[in-house]
Amino acid sequence: MPCEVLRVDPVSPSPDVIARAAAVVRAGGLVAFPTETVYGLGANALDPAAVARIFTAKGRPAANPLIVHVAEIADARTMVAAWSDLAQRLAERFWPGPLTLVLPKHSSVPDPVTAGGPTVALRIPAHPVALALLRACGLPLAAPSANRSTELSPTEAGHVLRGLADRIDLLLDARPTMGGLESTVLDLTTTPPRLLRPGLVTITQLEALLGPIARAPSDPAQPVRSPGQMARHYAPQTLLEVVTHSRDRVEVLCGQGRRVGWLTHHTSEKIDSANVLRILMPAEPVSYSAQLYAALHRLDDLGLHCIVVETPPSGDDWLAVHDRLRRASTEYHQP
Ligand code: AMP
Ligand code: MG
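Numbering of the sequence shown is given in my numbering, commencing with residue 3 and proceeding in unit increments.
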């Protein structure tokens, strides 16, 4: 049965709608809701049965732990065995916002949330709907992205319904999310702290506060400490190639009679062919991030032979974009 969908204002959500969603969470249900990054699939983080339903709905491997969302720093502190000065400084600077902190977990955090591990990932989201829901239910919410495991993350309600319509109880539709890519995940259990997943808070911003941090290996075949960093992830159904000189590649494919989606940030590059669907991407990382998943979802719906992406610019501010494209692609060229 398709889930209930309730429209909600993204800036000042109706208390009635939020109360309804909070009741579903308290009853052990699954609620998809907007955050400032992507749509999340939330359940009561303190209820192992509710958390288990997240894994089933997403087809998520049990070894991939969940991020716990809370409303206040005080709530985050109840979820950890030890809260450090560093955690406090980062929380004060970046929360509410797209930074997830990995810390030693408190014994009250159920095992399925942390995939049985000794650490818990925490953040306060910056979206008014997410915050209102957290406050109304008075519970921490375990909430991964609201998509089937390995697939593209949802940046609008329609994307959530495509993968999960008959697997969740309620969807709060607050129009497209602003950030478009997932949060940055930072491990505070190591010295120096280690970046486990690049995201909307950039390395430049973190290092301005912390000094040098350790980076996750850029090669996805390398072992990493974050169990969820699978090599294939965030991927459309359609084959995806990331290449430099993408115009040449698109022309070759077109010449073979293929229908091709083309993402490029080079305004001047065009190909006049009905077989090419070109989406012009911003040449600036924040806007590129915000639009990437929506562009890939749109092309993925068209049954194309493949999607060709022009390699985005290099530099720390583009790390998250490169990370997601690398995991989404069958072929990836370094900048
Ligand atoms: P998602 O919410 O689906 O975007 O994925 C959450 C990300 O956070 C995944 O990459 C997880 O592996 C990572 N994560 C969650 N909990 C932990 C943890 N305790 N230690 C390390 N990484 C974590
Ligand atoms: Mg995800």
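All C-beta atoms in this analysis are idealised placements derived from N, C-alpha and C, irrespective of residue type, glycine included.
If you're wondering where the values come from, they're calculated on a predicted model, not measured in any experiment.
Item to check | Cβ shell of V203 (< 7 Å), same chain only, five flanking positions each side left out | outcome: Start at 1 with the first residue of the sequence shown, and residue 203 comes out as number 201. F96, G99, P100, L101 and T186, listed in sequence order.
Item to check | Bounding residues of the alpha helix (DSSP H) (the contiguous stretch that carries G165) | outcome: As a working mapping, residue 165 is identified with position 163 in the sequence shown. Counting along the chain, the alpha helix (DSSP H) containing G165 begins and ends at A159 to L166.
Item to check | C-alpha distance - R164 paired with T269, whole-angstrom precision | outcome: As a position in the sequence shown, residue 164 is number 162, starting the count at 1. As a position in the sequence shown, residue 269 is number 267, starting the count at 1. Using only the alpha carbons, I get a separation of about 31 Å.
Next on the checklist: My assumption, with CB atoms under 8 Å, is that L133 sits in contact with P142. Please give the rounded CB distance.
Outcome noted: Position 131 of the sequence shown holds residue 133. Position 140 of the sequence shown holds residue 142. The Cβ separation is near 13 Å, so there is no contact.
Next on the checklist: What does the alpha-carbon distance come out to for the pair W175 and L124?
Outcome noted: As a first step, residue 175 is located in the sequence shown; it is residue number 173 there, counting from the start. As a first step, residue 124 is located in the sequence shown; it is residue number 122 there, counting from the start. This sequence places Asp at residue 175; Trp is not what is there. Straight-line Cα distance between these residues: approximately 24 Å.
Item to check | Inter-residue spacing [alpha-carbon to alpha-carbon] between A52 and P315 | outcome: Residue numbering aside, residue 52 sits at position 50 when the sequence shown is read from its first letter. Residue numbering aside, residue 315 sits at position 313 when the sequence shown is read from its first letter. Straight across, the Cα-Cα distance linking A52 with P315 is about 42 Å.
Item to check | Beta carbon shell of ligand 2 at less than 6 Å from a heavy atom | outcome: P146, S147 and S155
Item to check | Between the CA atoms of L198 and P225 - distance to the nearest angstrom | outcome: Taking the sequence shown and counting its residues from 1, the one referred to as residue 225 is at position 223. Taking the sequence shown and counting its residues from 1, the one referred to as residue 198 is at position 196. Confidence at P225 is low in this model, with a pLDDT of 46, below 50, so the placement of that residue should be treated as unreliable; the coordinate-derived value is given next. Between P225 and L198, the C-alpha separation is close to 11 Å.
Next on the checklist: Do L265 and V323 have their beta-carbon atoms positioned less than 7 Å apart in this structure?
Outcome noted: By one-based count along the sequence shown, residue 323 stands at place 321. By one-based count along the sequence shown, residue 265 stands at place 263. Against a cut-off of 7 Å, the Cβ pair of L265 and V323 comes out as no contact.
Item to check | Local conformation of Y295 per DSSP, three classes | outcome: By one-based count along the sequence shown, residue 295 stands at place 293. Helix at Y295.
Checklist entry - Can you name the start and end residues of the alpha helix (DSSP H) that L133 belongs to? => result Working through the sequence shown from its first residue, we reach residue 133 at position 131. From DSSP, the alpha helix (DSSP H) with L133 extends over P130 to C139.
Checklist entry - How many Å lie between L282 and T246 at the Cα? => result As a first step, residue 282 must be located in the sequence shown, where it is residue number 280. As a first step, residue 246 must be located in the sequence shown, where it is residue number 244. Between L282 and T246, the C-alpha separation is close to 15 Å.
Next on the checklist: To the nearest angstrom, how far is the alpha carbon of Q258 from that of L279?
Outcome noted: Indexing the sequence shown from 1 puts residue 258 at position 256. Indexing the sequence shown from 1 puts residue 279 at position 277. Straight-line Cα distance between these residues: approximately 16 Å.
Next on the checklist: Let's see if you can read the secondary structure: which residues bound the beta strand (DSSP E) around E312?
Outcome noted: Within the sequence shown, residue 312 is the residue found at index 310, counting from 1. In the DSSP annotation of this structure, the continuous segment of the beta strand (DSSP E) that includes E312 starts and ends at C308 to E312.
Checklist entry - So, D171 versus L306, is the Cβ gap smaller than 7 Å? => result For this step, residue 171 is matched to residue 169 along the sequence shown. For this step, residue 306 is matched to residue 304 along the sequence shown. Result no, Cβ atoms of D171 and L306 do not sit closer than 7 Å.
Checklist entry - For D175, does the three-state DSSP call read helix, strand or coil? => result Taking the sequence shown and counting its residues from 1, one reaches residue 175 at position 173. Strand.
Checklist entry - Which residue spans inside the region 10 to 47 form an unbroken alpha helix (DSSP H) run of at least 4? => result Annotation: the region 10 to 47 contains the following complete segments of the alpha helix (DSSP H) (minimum length 4 residues), in chain order: 17 to 28.
Item to check | Local conformation of A123 per DSSP, three classes | outcome: To locate residue 123, count along the sequence shown from 1; it is residue 121. If DSSP states are grouped into helix, strand and coil, A123 belongs with the strands.
Next on the checklist: List, from N- to C-terminal side, the beta strand (DSSP E) runs of 3 residues or more that fit wholly inside the region 63 to 92.
Outcome noted: Taken in chain order, the complete beta strand (DSSP E) segments of 3 residues or longer contained in the region 63 to 92 are 69 to 71.
Checklist entry - A24 to G317, Cα distance in whole Å? => result Working through the sequence shown from its first residue, we reach residue 24 at position 22. Working through the sequence shown from its first residue, we reach residue 317 at position 315. One C-alpha to the other measures close to 41 Å.
Item to check | Simplified DSSP state of L154, which is helix, strand or coil | outcome: Taking the sequence shown and counting its residues from 1, the one referred to as residue 154 is at position 152. Coil at L154, not helix or strand.
Item to check | Identity of the residue in V82, A76, M180 and T313 nearest S109 by Cα | outcome: Within the sequence shown, the letter at position 107 stands for residue 109. Checked all of V82, A76, M180 and T313; the closest Cα to S109 is V82.
Checklist entry - Exposed or buried, what is D189 when buried is set at 16 or more other beta-carbons lying within 10 Å of its beta-carbon? => result Against the sequence shown, residue 189 aligns to sequence position 187. Looking at its Cβ environment, which holds 16 or more other Cβ atoms inside 10 Å, D189 is buried.
Item to check | Alpha-carbon spacing of V40 relative to R251, whole angstroms | outcome: Translated into positions along the sequence shown, residue 40 becomes position 38. Translated into positions along the sequence shown, residue 251 becomes position 249. Going from the Cα of V40 to the Cα of R251 covers about 31 Å.
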